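Asks: All residue numbers for the sequence shown refer to our numbering, where the first residue is 6 and numbers rise by one. Each residue gets a CB set at the ideal place from its N, CA and C atoms; glycine is no exception. Model, not experiment: these values are computed from the prediction.
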Amino acid sequence: MNFDHIPQAVEPSKVPVRVLYTGAKIPAIGLGTFGSDRFSAEQVAQAVGEALAAGYRHIDCAAVYGNEKQIGQVLQYYFRSGRLKRSELWITSKLWNDMHQRVEEACRRSLEDLGLEYLDLYLVHWPFPNYHPPGCDVHSRSPDAKPYIHDNYMKTWRQMERLVERGLVRHIGTSNMTIPKLKLLLRDARIRPVCNQMELHPHFQQPELFAFCVEHGIVPVGYCPLGSPARPERDRTPEDTVVLDDPVLREIAARRSTTVAAVCIRWAIQRGQIPIPFSLHHYADNLRAAVSEPLSEDEMERIRRIDKNCRLIKGQVFLWKPNQSWEDLWDPTGEITPP
Ligand SMILES: NC(=O)c1ccc[n+]([C@@H]2O[C@H](COP(=O)([O-])OP(=O)(O)OC[C@H]3O[C@@H](n4cnc5c(N)ncnc54)[C@H](OP(=O)(O)O)[C@@H]3O)[C@@H](O)[C@H]2O)c1
6 MNFDHIPQAV EPSKVPVRVL YTGAKIPAIG LGTFGSDRFS AEQVAQAVGE ALAAGYRHID
66 CAAVYGNEKQ IGQVLQYYFR SGRLKRSELW ITSKLWNDMH QRVEEACRRS LEDLGLEYLD
126 LYLVHWPFPN YHPPGCDVHS RSPDAKPYIH DNYMKTWRQM ERLVERGLVR HIGTSNMTIP
186 KLKLLLRDAR IRPVCNQMEL HPHFQQPELF AFCVEHGIVP VGYCPLGSPA RPERDRTPED
246 TVVLDDPVLR EIAARRSTTV AAVCIRWAIQ RGQIPIPFSL HHYADNLRAA VSEPLSEDEM
306 ERIRRIDKNC RLIKGQVFLW KPNQSWEDLW DPTGEITPP
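(1) For D338, does the count of other Cβ atoms within 10 angstroms reach 16, so buried, or fall short, so exposed?
(2) Which residue comes first and which comes last in the beta strand (DSSP E) that contains L116?
(3) What are the boundary residues of the alpha helix (DSSP H) that T97 is part of?
(4) Compute the minimum distance between the beta carbon of I281 and the heavy atoms of ligand 1, and state whether it is under 7 Å.
(5) Measuring CB to CB, does L231 end up less than 8 Å from A266?
(6) Could you tell me whether any Cβ in chain D is nearer than 8 Å to the Cβ of R310?
(7) So, for P132: in the same chain, excluding its five sequence neighbours on each side, which residues have a beta-carbon less than 7 Å away from its beta-carbon?
(8) Can you find the residues in the same chain that come closer than 7 Å, C-beta to C-beta, to R239, ignoring five residues on each side of it along the sequence?
(9) Is any heavy atom of ligand 1 found at a distance shorter than 7 Å from the C-beta of P207?
(10) Should A216 be labelled buried (16 or more other beta-carbon atoms within 10 Å of its own) or exposed?
(11) Taking the straight line between their C-alpha atoms, what separation do you get for G222 and P344?
(12) What are the boundary residues of the beta strand (DSSP E) that C200 is part of?
(13) Let me check understanding here. Comparing Cα to Cα, which of S45, E16, A50 lies closest to N7?
(14) Is it the case that the CB of I177 approaches a heavy atom of ligand 1 more closely than 7 Å?
(15) Please identify the residue among E109, L89, T342, Q210 whose C-alpha is closest to the C-alpha of S98.
(16) Can you list, in chain order, the residues of its chain whose CB lies under 8 Å from that of P299, leaving out five sequence neighbours each side?
(17) Work out the CA separation of D65 and Q321 for me, nearest whole Å.
(18) How would you write the range of the beta strand (DSSP E) that V129 sits in, first residue to last?
(19) With respect to 7 Å, is the separation between the Cβ of Y228 and the closest non-hydrogen atom of ligand 1 below this value?
(20) If you check the beta carbons only, do I177 and Y136 fall under 8 Å apart?
(21) Go ahead and label H286 buried or exposed: buried means 16 or more other beta carbons lie within 10 angstroms of its beta carbon, across all protein chains shown.
(22) What would DSSP say about F283, mapped onto helix, strand or coil?
(23) Return the chain-ordered ranges of every alpha helix (DSSP H) run that is complete within the region 31-97 and spans a minimum of 4 residues.
Set out below in structure tokens:
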């Protein structure tokens with residue numbers, strides 16, 4: 006294993022950071038590690054190794070991505086060779102849906118696979134505790150699928166809080182939450198979430214949830230920041246729009262002599278969310294975009310206006326009863342969808 010041939014794209018200290026309510030600093034861009042069922046664990050781990058050489062210091066992992074062991078080997082290479090210290094990195098992992106009742110066991114497994122003594126951030130990946138096999142079809146339903154039950158979520162959250170108290174993780178956060186669910190969590194949490202990971206790109210800006218998070222000191226972490234062009238077939242519908250083909254983004258990119266992807270990254274950081282683009286081939290460009298010239302107010306406003314409310318990751322597999330639509334998972338009325 007050797008990444009010495011990879012040139013540094015950006016000096017890590019130049020990459021912007023966001024300050025969490027705890028005072029901790031998190032790099033304002035991370036590398037996603039979900040290989041979209043297309044790339045092997047080894048390929049994703051190789052990208053992590055190269056991205057670290059290029060200057061990334063924030064890696065977004067999850068147990069369900071099936072590659073934490075391989076990523077762990079890359080991290081060990083960096084630590085053992087003295088190229089990086091643990092304290093220089095921000096490593097996130099996520100609790101998968103079938104482990105909501107066994108949080109510490111799941112966290113310890115991720116720690117062991119990644120070869121770490123602590124995680125910087127541990128997220129509840131989805132608010133639904135439903136198991137479904139990795140890679141299953143969107144029409145697949147778990148026979149014991151459950152709706153969101155706040156008491157159960159709080160039982161999971163209490164276990165998340167204990168991880169902080171035991172020093173296994175430094176921060177805890179949520180993912181795929183809605184405003185009504187977050188309101189209940191903020192009411193009942195002893196340790197508030199520092200981040201909410203959510204789908205965020207120019208065609209799905211989630212302005213209300215974004216503003217709610219910011220107002221409550223929760224940093225929005227944006228997944229699919231480029232519109233996830235390589236997402237699995239099961240996550241595609243005919244109505245989905247293509248962010249990288251957007252004419253307004255294309256025009257802004259052309260004027261800046263850059264790419265639409267770079268505009269998406271720059272927009273995300275400037276708006277205040279942390280993009281976590283996945284990339285085997287463009288990670289250096291994306292890191293450079295994070296430190297590129299700011300977009301003008303007019304460009305930011307033009308991008309604000311291209312929001313198409315187009316959710317790409319709909320979560321159909323979590324539906325818990327027949328004849329529901331995927332929108333029900335996202336509490337469209339502003340109240341938690343009744344069981
Ligand atoms: N919490 C959740 O439920 C959740 C859900 C989905 C995703 N996530 C996280 O978010 C991460 C990112 O989401 P994602 O992977 O679905 O979507 P994404 O980051 O929007 O898109 C990744 C795709 O874009 C391509 N790409 C990257 N940079 C590019 C550039 N500069 N120019 C052109 N193409 C570029 C990549 O191709 P190359 O490999 O060829 O560069 C890859 O195919 C995931 O990896 C995962 O860590 C979390």
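Replies: To lay it out plainly:
(1) According to the sequence provided, residue 338 is Thr. The question's Asp does not apply to it. When all chains shown are included, T338 counts as exposed.
(2) Note, L116: premise wrong, no beta strand (DSSP E); alpha helix (DSSP H) at 108-119.
(3) Segment 95-100 is the beta strand (DSSP E) holding T97; no alpha helix (DSSP H) there.
(4) yes
(5) yes
(6) The structure shown contains no chain D; it is built from a single protein chain.
(7) Y153, Y158, N181, M182, K186
(8) D142, V143
(9) no
(10) exposed
(11) 30 Å
(12) 200-204
(13) A50
(14) no
(15) E109
(16) R271, Q275
(17) 23 Å
(18) 126-129
(19) yes
(20) no
(21) exposed
(22) strand
(23) 46-59, 73-85
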